[in-house]
Amino acid sequence: MRVVYMGTPDFAVKPLEALISNNYEVVGVFTQPDKPVGRKVILTPPPVKVVACENNIPVFQPDSLKNGEGVKILEELKPDVVIVVAYGKILPKDFLEYAKYGCINIHGSILPEYRGAAPIQWSVLDGKEFAGVTSMQMNEGLDTGDILLVEKTKIDENETSGDLYERLTVLGSDVLLKTLVAIEKGDLTPVKQDDSKSSYAKMLDKSLSKIDWNLSALEVHNKIRGLDPWPVALTVYEGKNLKLFRSRLLNKEFDKPAGSVFPSKEGIIVVCGDKNAILITEVQLEGKKRMSAIDFSRGNKLTDGTIFEN
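If you use numbering that gives the first Met the number 0, the sequence shown corresponds to residues 0 to 309, in order.
Structure representation (structure tokens):
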């Protein structure tokens, strides 16, 4: 089976590697253009391009797939199927319909829930019990195509979106391979999505970072782990932003105002709006390095009754 692969970030790397290691004929890779990265603004290739180049696979980085430009490339490559994993551009109808088996998308959610750009992060932010990966026959809508296969996984109560992201890249590879085998055997029965059960997982931005300690401990905990590793939850300590990484729920109530801090041997305890508390284990003060919450407490002499600001 001749495969064209389309993907850009880290999430798309393992599925591509799975195709290569399972001897699929990957005849070309589409990915986003190289972008300047870091303070030195170094032009950097996307992770998927790096893997493609290491395996001598032709790479295409068009600014647009419209006006037939994408199809012209497909006409040269003659794929049986196009696999799309976090590519980052809308595909026009002529492109979607070119290959024998069309375009198959590997999406990091249990569709129809969490269509859009950040399904993994929002499943953690919303405190969902399960996440998953869906293979989908793409159409012109945003993640609205027929469902082919779904694999689910339970989200650990302390798992960050970064942790879950890593697990779903592996699960996505498995779903992709199972989908291709089923396509070749003719064993798939596409299922239309129920639009009434859909939700949109918008892209994250830094406006989400500020913690409101008046929320319940569970809501604060889900926000901290959902925003880790980016854009990261923030509170204010002595007028400076304090990034919060990794937390745990504590089965204990405190008769103190929301935001009240208690240093402990395991980290920093913070009281939330429902009088329950969370334990924060890693932090980073503005202008400083990331460190354990224990070391931060010692270095900044946190005392019972210190208040983190909303």
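Yeah, the Cβ is synthetic: ideal placement off N, Cα and C, and Gly gets one too.
Which two residues bound the contiguous alpha helix (DSSP H) that contains residue i?
i: phenylalanine 253; result: First-last for phenylalanine 253: undefined, no H or E at that position.
i: glutamine 31; result: Per DSSP, glutamine 31 belongs to no alpha helix (DSSP H) and is neither H nor E.
i: asparagine 221; result: 216-225
i: leucine 15; result: 12-20
i: asparagine 299; result: 292-299
When the distance is taken between beta carbons, is residue j closer than 9 Å to residue i?
i: valine 36; j: leucine 42; result: yes
i: leucine 73; j: alanine 98; result: yes
i: alanine 116; j: alanine 200; result: yes
i: phenylalanine 29; j: threonine 168; result: no
i: asparagine 157; j: methionine 135; result: no
i: proline 111; j: serine 206; result: no
i: serine 47; j: glycine 6; result: Correcting the residue identity first, residue 47 is valine in this sequence and not serine. Cβ atoms of valine 47 and glycine 6: closer than 9 Å.
i: leucine 175; j: leucine 18; result: yes
i: proline 26; j: leucine 76; result: Note that residue 26 is valine in the sequence shown, not proline. Cβ atoms of valine 26 and leucine 76: closer than 9 Å.
i: lysine 251; j: isoleucine 293; result: no
i: glycine 126; j: leucine 217; result: yes
i: proline 311; j: threonine 234; result: Since the first residue of the chain shown is 0 and the last is 309, residue 311 is not available in this structure.
i: proline 14; j: isoleucine 82; result: yes
What are the boundary residues of the beta strand (DSSP E) that residue i is part of?
i: phenylalanine 129; result: 129-136
i: lysine 184; result: Where lysine 184 is concerned, there is no enclosing beta strand (DSSP E), although the alpha helix (DSSP H) it sits in stretches over 160-184.
i: asparagine 66; result: Taken as a continuous stretch (DSSP letters only), asparagine 66 belongs to no beta strand (DSSP E), as it is neither H nor E.
i: alanine 232; result: 232-236
i: aspartate 145; result: 145-153
i: arginine 1; result: 1-6
i: serine 282; result: The sequence shown places valine at residue 282, not serine. Element bounds for valine 282: 275-284.
What's the C-alpha gap between residue i and residue j?
i: methionine 202; j: glutamine 120; result: 9 Å
i: glutamate 281; j: tyrosine 236; result: 15 Å
i: phenylalanine 253; j: leucine 284; result: 25 Å
i: lysine 288; j: leucine 163; result: 24 Å
i: threonine 133; j: proline 44; result: 27 Å
i: isoleucine 210; j: arginine 245; result: 14 Å
i: isoleucine 277; j: glycine 225; result: 15 Å
i: threonine 143; j: valine 190; result: 11 Å
i: isoleucine 279; j: arginine 247; result: 7 Å
i: cysteine 68; j: proline 57; result: Checking the sequence, you will find glutamate at residue 68 rather than cysteine. If I take the Cα positions, the gap works out to 16 Å.
Suppose the cutoff is 6 Å on Cβ atoms and the five residues either side in sequence are ignored; what does the same chain contact list for residue i look like?
i: isoleucine 182; result: Tyr100
i: glutamate 139; result: Lys92
Residues in the same chain with beta-carbon distance under 8 Å from residue i, minus the five sequence neighbours each way, listed in chain order, please.
i: isoleucine 306; result: Pro256, Gly258, Ser259, Val260
Next item on the list: Scan the region 72-115 and note each continuous alpha helix (DSSP H) run of 4 residues or more that stays entirely inside, going in chain order.
Entry: Fully enclosed alpha helix (DSSP H) runs of 4 or longer: 92-95.
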